[in-house]
Amino acid sequence: MLVAASLAAAATACSGSDDEKTKGNGGDGGEVTGAIRDVSDQGKPVKGGSITVGLEAESNGFLPGKSNIANAGTSVAYAIYDPLMKINSEGELKPYLAESIEPNDDFTRWTLKLRSRIEFHDGTPLNADALKAVFDDYLIAPGSNLLGGLAGVTMEKVDDLTVAYVLEQPNSGFPYNLVLAAGWPFSPTAAKAAGEDAPAKPVGTGPFVFKSWERDSRLVVTRNEDYWQKDLPYLDEIVFRPIPDEDTRISSLKTGDVDVVQSLRQGTVAKLRDIDGVDNYEFLGNNTGISVFNTAKPPVDDVRVRRGLAQATDQTQLIDVLGGSGMVPVATQLFSPDDAYYSEAAAKKWYKYDPKAAAKDLESYVNDPERSDGKAPGSPITLRYDCPPDPSLNELTQLIQALWNAVGVEVELRQVEQATHISEALSGDFQVKCFRAGQEGDPGVTLYPIFTEGSPLNVARFSDPGIDEALAKIRATDDITERKAEVEKIVEIANENIPAIYAGQTLSVVAVRDEVKNVDGWTYPDGSKGGTSPNGTNVWANVWTTG
Amino acid sequence: MRLVLTKLPTLVLTLLVVSFLTFMLTSLLPGDPEVQILGPDNATPEARAQVREDLRLDDPIPTRYGAWLADASTGDLGRSYRSGQEVSEAIKERLPVTLEIGLLAIGIALAIAIPLGTWSAYKAGTTTDRAITGATFGLLAVPNFMMAILLILVFAEGFGWLPATGWTRLTEDPLDNLRTALLPALSLAIGELAVFTRLLRSDMIATLQQDSITMARAKGISPARILFRHALRPSSFSLMTVVGLQVGAIISGSVIVETLFAVPGVGRLLVDSILQRDLQVVQGIALVIAASFVIINGVVDLLYSLLDPRIRHGRLAAA
């Protein structure tokens, strides 16, 4: 009710406002708002001015292959670099810095042509040589953090402006890799000259030129006067400031210390909706909190236990604890209702909260003389649930413990620090862990590492011949209907076997003081409209300020 | 000079012990540093092996420590594997920020605690004393992160006098620097001033009962002169010790406040580095913290003798 009331107030306050609500699938949670776009009148573009952006975290650098560039870093990177490819509002992938990209018949060779007469900020021309130098010397160099997505990929120079990505295996979704770090060309000359300092001195082709960086305090970029897209960017300067605490980031937006903030916390999204004079650009992402089972470890190696626990989990209560009540739908798969690959059929089949049915499944395991944990029939199921120490996660795990206790499962909660948590997940030393799953991008790229046997990201240790076959088909075709059908098969197989239980889909937001305009108004070089800002990241070339 | 010479071996020994223990402890931390560095998405066996080799993680601890010590003794604390930044440069960038906030906090706390504690002692047992005692106990009970949020609500969101977050360097704009330093310093100062006031009050009450003070009173010397001229110095020993410890603990005490106010201090760097297993940086900062404790303790020893000449004379006599 509160959210609806504040939205109505915002709509009245902003005459001519462009107010939209997209409703997600309520599932068990009833009516939810999903992502909203609540913005003031945008007016005409204005040149000049400076804005300050409050980021959720600091990055350790901005060199693809070397630096860990998460959501906050991606926002900075989109000012300095141009992505070769970008996803539009329909979820379609289109060339941005690249002019075109074409596959061969079996999707093992992708030929990418660059736009001509583009230079990096240091004057180095953007051409096939530069792209290949970056690819060979940084992206696939030993120790590169992009080797996961680029495994078995090599690059060949075709002509001065054309390269070919050569793949060991067919992959029709390969160009999705070029939306993020692997597709942000940087000046190989500048990187070489900077040596070990290269991550702190990014030189790209983007709308803004890197000026200075004081770690944990501010990173300043200034207008690229020679930008290849005519009349862009509008702003003279952007200052990026990492403000890790959610509450003080909101305070800074209220007081005008910053003009823009990003967040992926549901509680923050709700608070930002209630602030006057703030425009909200929300995005309902595929990301969801999960309880992942180690399907190789008793007792969660038995599907009856996993199904029982799924039915014993009230997802609406989990969402409530995470602060997303009334805003985010319950997750039923690794795709949000706003994603093109979302499956209605799978959503309907996903387990409802039903403690009685849960108890039945669990009893069947408990009384089984052959039960996998080797305990005597009748003795209760015991589990260890690991999660990093964080106030909202503490509440979440305690709720899960209570829900599972209610159906007779004894749960030991164990707080484990993030680094250990990840190491244990990778090595398989756990029974159940809180985790996150689901990301934007091509399902052939995003699902492959999660469901492929032996992949480090297959934390659940779950694989299935049906999924392998579907993944191979997805990677070998660009027919969207066929791909959707195969994705649906994967989702259904996964949901039958329950390698994980979901919480709710994640809302992210870019919230701005209302003098900052056109935040989601970026366009492709051909003038066609771009997409929303996923996970609080943003493209800055088309943003202006009236402040 | 004598003091420096006697303290130097302690400093070197402490640094050796602390650096070795830090090395041991960071090596014993669970979780693989290379996975944390690469991120779970990219922790392929080849990439992991490469990072382990680069960081020499498979070498025995004494070998790694020996190599680190050899470099550190020449002033080279190495480079952060995550950011590529030189550790000494990272510390040099951030230490002034933490020190400024920490010293400003102690300054503010002392400026309020000395008159307040003295007055409270002078009025011992009265309503004023009880009010001050109650208020200081109240302030002690408020954790500094809560105080930080309260201060932001009042001074940044409410009055709009000071920025909620951010940092301007002293060299850039001194006035703006003070504006950005004030709220973080205040949120640290409030807890400290409560402790300082309590300590000074109790020591001062004891001093005020001494014969010399009774004599001064009998001579008709004004109360203010008695309190600040005759009683304050001998009542400051506990206060001085705690202030010294507080200065030494500036780095470790600043972590939460630096995160809340988004200030680029060394405390924030330390915690991030521990969480991200950036071991070179952890090692470098541990060294700085250990050195600062030893040095501050030396300075406090020196101040004791300035506060009470008997200590200096006692040492000379013993020599």
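For the record, the sequence lines run as chains A and B.
Last residue of the first sequence: number 1915 in the numbering used here, and the count goes up by one each step with no gaps.
Last residue of the second sequence: number 552 in the numbering used here, and the count goes up by one each step with no gaps.
Beta carbons are placed, not taken as given, at the ideal position from N, Cα and C, and that holds for glycine.
Predicted, not measured: the structure shown is a model, and the values here were computed from it.
In this structure A:Cys1802 is in contact with A:Leu1764, their Cβ atoms being roughly 7 Å apart against a cut-off of 8 Å. Sequence-ordered contacts of the region 1765 to 1798 of chain A with chain B read Val1784, Glu1785, Gln1786, Ala1787, Thr1788, His1789, Ile1790, Ser1791, Glu1792, Ala1793, Leu1794 and Ser1795 [C-beta pairs closer than 9 Å]. Taking the beta carbon of A:Ile1687 as reference, no residue of chain B falls within 8 Å; the closest one sits roughly 25 Å away.
Judged by DSSP secondary structure, B:Met437 falls within the alpha helix (DSSP H) whose first and last residues are Pro407 to Leu441. For the region 1805 to 1830 of chain A, the beta-carbon criterion of a distance under 7 Å to any beta-carbon of chain B is satisfied by Pro1824 and Leu1825. Burial is judged here by how many other beta carbons sit within 10 angstroms of a residue's own beta carbon; B:Phe392 has fewer than 16 and is exposed. For B:Ser260, the closest C-alpha among the options B:Leu512, B:Ser538, B:Glu390 and B:Ser468 is that of B:Leu512. At a Cβ-Cβ threshold of 9 Å, A:Val1444 and A:Val1589 count as neighbours.
DSSP places A:Gly1422 in the strand class (E or B) of the three-state scheme.
Apart from sequence neighbours up to five positions away, the residues of its chain that approach A:Val1827 with a beta-carbon distance below 7 Å are Val1660, Ala1793 and Phe1803, ordered along the chain. For A:Thr1590, the enclosing beta strand (DSSP E) stretches over residues Arg1586 to Arg1591. Inside the region 1527 to 1613 of chain A, DSSP marks whole alpha helix (DSSP H) runs of 4 or more residues at positions 1556 to 1562, from first to last along the chain. Cβ-Cβ separation between A:Phe1651 and A:Ala1403: approximately 5 Å, consistent with a contact (criterion under 8 Å). What A:Asp1504 touches in chain B, judged by beta-carbon distance under 8 Å, is nothing: the nearest beta carbon there is about 16 Å away.
Inclusion of A:Asn1545 and A:Val1813 in the CB contact set at 9 Å is warranted, their separation being smaller than that value. A straight-line Cα-Cα distance of about 27 Å links A:Ser1484 and A:Gly1416. Listed along chain A are Pro1510 and Leu1515, each with a C-beta nearer than 8 Å to that of B:Glu279. With a cutoff of 9 Å on beta-carbon distance, B:Ala354 and B:Leu472 are scored as not near each other.
Between the region 468 to 486 of chain B and the region 1587 to 1601 of chain A, the count of C-beta pairs closer than 8 Å stays below three; the two stretches do not touch. At a cut-off of 9 Å, the C-beta of A:Lys1665 has no neighbouring C-beta in chain B. In the structure shown, B:Met380 adopts helical secondary structure according to DSSP, grouped into three states. With a cutoff of 9 Å on beta-carbon distance, A:Ala1519 and A:Val1526 are scored as not near each other.
At a cut-off of 9 Å between C-beta atoms, B:Arg312 counts as an interface residue with respect to chain A. When the five nearest sequence neighbours on each side are left out, the beta carbons in the same chain lying within less than 7 Å of the beta carbon of B:Tyr298 are those of Phe253 and Phe256, in order along the chain. The Cβ of A:Pro1893 sits no closer than 9 Å to any Cβ of chain B. Under the DSSP definition of a beta bridge, A:Phe1661 partners with A:Val1800. Listed by position along chain A, the residues whose Cβ is nearer than 7 Å to that of B:Glu390 are Ser1619, Lys1622 and Thr1623.
Under the three-state reduction of DSSP output, A:Tyr1753 falls in the strand class. A:Gly1692 and B:Phe378 have their alpha carbons spaced roughly 25 Å apart. Within 7 Å of the CB of B:Ile385, the CB atoms of chain A belong to Thr1616 and Ser1619, in sequence order along the chain. Look at A:Arg1583: its C-beta is under 9 Å from a C-beta on chain B. Per DSSP, A:Ile1486 lies in no alpha helix (DSSP H) and is assigned neither H nor E. When DSSP states are grouped into helix, strand and coil, A:Lys1622 belongs to the helix group. The beta-carbon of B:Ala323 is placed less than 9 Å from the nearest beta-carbon of chain A. Under the 8 Å Cβ criterion, the region 485 to 497 of chain B counts as touching the region 392 to 404 of chain B, having at least three qualifying pairs.
With respect to B:Ile522, B:Ser485 sits close: the two C-beta atoms are nearer than 9 Å.
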